[in-house]
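Take the sequence shown: its position 376, counted from the start at 1, is 396 in the working numbering, and no numbers get skipped.
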Amino acid sequence: MKSASRRNLTRCALSLPFILAATVSARAEEDPCPPLIPPVDMQKIMTDPDMTDMERLKLLQNSGRDIREPATWSGCHTVLDKTDIYAPITIEPGTTLKFKENAGLNIHSGGSLDASGTADKPVTFTADDEMPGYWYGLYFDSNSSKNRLVHSTITYAGGDQKGSGSPMKRAIGDSNPATRAVMVHEGASLRLENTHISHAKGYGIEVLGALQDFKNNKIDHTDVPARLIPDTVGMIDENSTFTDNAKNRIDLVGLGALNKDASWVDPGIPYIWNHMTTIAANLELQPGVEIRMGTEARMSINHNGSLKAIGTAEKPIVIHGVSSVPGSWDGIYIESKSDQNVWKYVRVADGGDGGSFKTSVYVGGYLDISDSWIENSRNIGLLVNKSSGIDATIKKSGIQYKDNKIDYQEKD
21 MKSASRRNLT RCALSLPFIL AATVSARAEE DPCPPLIPPV DMQKIMTDPD
71 MTDMERLKLL QNSGRDIREP ATWSGCHTVL DKTDIYAPIT IEPGTTLKFK
121 ENAGLNIHSG GSLDASGTAD KPVTFTADDE MPGYWYGLYF DSNSSKNRLV
171 HSTITYAGGD QKGSGSPMKR AIGDSNPATR AVMVHEGASL RLENTHISHA
221 KGYGIEVLGA LQDFKNNKID HTDVPARLIP DTVGMIDENS TFTDNAKNRI
271 DLVGLGALNK DASWVDPGIP YIWNHMTTIA ANLELQPGVE IRMGTEARMS
321 INHNGSLKAI GTAEKPIVIH GVSSVPGSWD GIYIESKSDQ NVWKYVRVAD
371 GGDGGSFKTS VYVGGYLDIS DSWIENSRNI GLLVNKSSGI DATIKKSGIQ
421 YKDNKIDYQE KD
């Protein structure tokens, strides 16, 4: 009797993998978006003789969380949890990935995510439940040139990562969002083109690494559309739009300096400059650009850099404070002697509180300024330092001063 019982239990145990396989297969046929389980993991689950039934069940529930073999994804799949990618992944046009609560994709060194859809067949990353922040998003920690989001749609991301501790911490007093739908870590890179990010909690995209490209994108219905380091801002093109967000602005991360020549377009919303940042390359501001300077923020153009800002009467370039209080930010300090330091139709306001000179615009190098406005400085509007060893040069015409404590001063 005992022997017969043992034989029956053995038969049940041996048949369990096949029952599980049949069950998964049947569910896949019934479920239009079955769980995303890499074939290599399924094979291991069903054929490894050293695994217990409980281990098989656990792997079925958690497989796909660590992908180390190249794969191509197509159709519709559900991502159950945090998934770490260490190998090249290609997502075919028309593919949909639905994410469970707190799920998301982490692309690590050695891995890549190429989601290149088409205008007719975009790649869709969305939530199992249509709620902003339901899943945490796409996190790139890989510098592969194959990291691409092209003709893709990303919705309802920006949540916290389950089991990964608290979201990214901000400095005390920093009320900026701590989550985002798409994250490009320092040292990583991403190409973003013809992609729509919407209904995200926190930022639509945060970039501390590099952008290979940023064209024809749309970011809407987020808390804040973007947070970028200065070296990536020049990748934004004129056709990208940022509308209908809780706060329509692009936050700049004040880490380090601008080290790459760049031209910043007018994205239709202001850039927020919150730190003391050095311009060590040639920066050109296009007509209509608005930069809002945070408390104690400063723009310093060093000997290797230049600032060319040529607006128009209809579309002036405006650099002013987040607060309109005089002295709410430091100022613009020009040490560069480059002949590219040319300003026309530029309005500078609300500065004059920082540095030893306490001026909204300091010229210790070269500046050609015309048809511009310097306003609301707490101290000096425009200071030209011609003291020994500095020998600053300024060409000026048509400057209008308003509400400055001192409009213009030359230091000999």
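Think of the CB as a built atom: it goes at the ideal place given N, C-alpha and C, for glycine as much as any other residue.
Cα-Cα separation, residue i to residue j
i	j	result
D427	D373	14 Å
Q429	G288	35 Å
N396	K422	6 Å
D4	D271	Look at the range of the chain in this structure, 21 to 432, and you will see that residue 4 is not part of it.
G153	K166	26 Å
S260	A177	20 Å
K102	Q181	8 Å
S164	P250	21 Å
R269	M313	12 Å
A300	V383	16 Å
I292	K406	32 Å
E213	D411	46 Å
S218	A91	27 Å
A198	G224	11 Å
C53	D240	26 Å
A329	F119	45 Å
S8	G130	The structure shown does not extend to residue 8, since the chain spans only 21 to 432, so no value can be given for it.
G308	N399	27 Å
S344	D86	51 Å
P69	A123	31 Å
A246	D388	33 Å
T144	G401	51 Å
T413	G347	25 Å
G229	K335	31 Å
I337	D243	26 Å
W393	G331	12 Å
Which of helix, strand or coil DSSP assigns to residue i
i	result
V309	coil
E75	helix
I253	Sequence inspection shows Val at residue 253; the Ile mentioned does not correspond to that position. Three-state DSSP puts V253 in a helix.
T199	coil
T67	helix
W349	coil
Y223	strand
K238	strand
I389	strand
H216	strand
E430	strand
Q232	strand
G124	strand
N302	strand
D370	coil
S260	coil
P113	coil
H171	coil
N324	coil
I410	coil
L278	strand
V318	For the record, residue 318 in the displayed sequence is Arg; it is not Val. Three-state DSSP puts R318 in a strand.
F145	strand
P55	strand
H340	strand
G153	coil
Integer-rounded CB distance, given that residue j should sit under 8 Å from residue i
i	j	result
V202	G137	Not quite, the Cβ-Cβ distance comes to about 15 Å (not below 8 Å), so this is no contact.
V99	L56	5 Å
Y353	I321	7 Å
H205	D161	5 Å
G375	D391	In fact, because the Cβ distance is near 26 Å, the residues do not count as touching under 8 Å.
Q306	S283	6 Å
Residues that residue i bridges to, as DSSP identifies them
i	result
S162	DSSP output for S162 lists no bridge partner at all.
Q181	Note: Q181 sits in no beta bridge, so no partner.
K425	According to DSSP, which records beta bridges pairwise, K425 is partnered with nothing at all.
L272	L248 and W293
Y382	Y353 and L403
K99	Going by the sequence as given, residue 99 is Val instead of Lys. Paired residues: F119.
Q420	W393
L210	L231
V362	D388
G131	Note: G131 sits in no beta bridge, so no partner.
A329	L305 and W363
S461	Shown here, the chain extends from 21 to 432; a query on residue 461 therefore has no answer.
Min CB distance residue i to chain C below 9 Å
i	result
D86	Absent from the structure is chain C; it holds one protein chain and no more.
Residue i Cβ short of 8 Å to the ligand MG heavy atom set
i	result
V99	Absence of the ligand MG is noted for the structure shown, with no ligands found whatsoever.
Practice problem: For the region 354-370 and the region 290-297, state whether three or more C-beta atom pairs, one from each stretch, are separated by less than 8 Å. | Solution: At 8 Å Cβ cutoff, the stretches do not touch.
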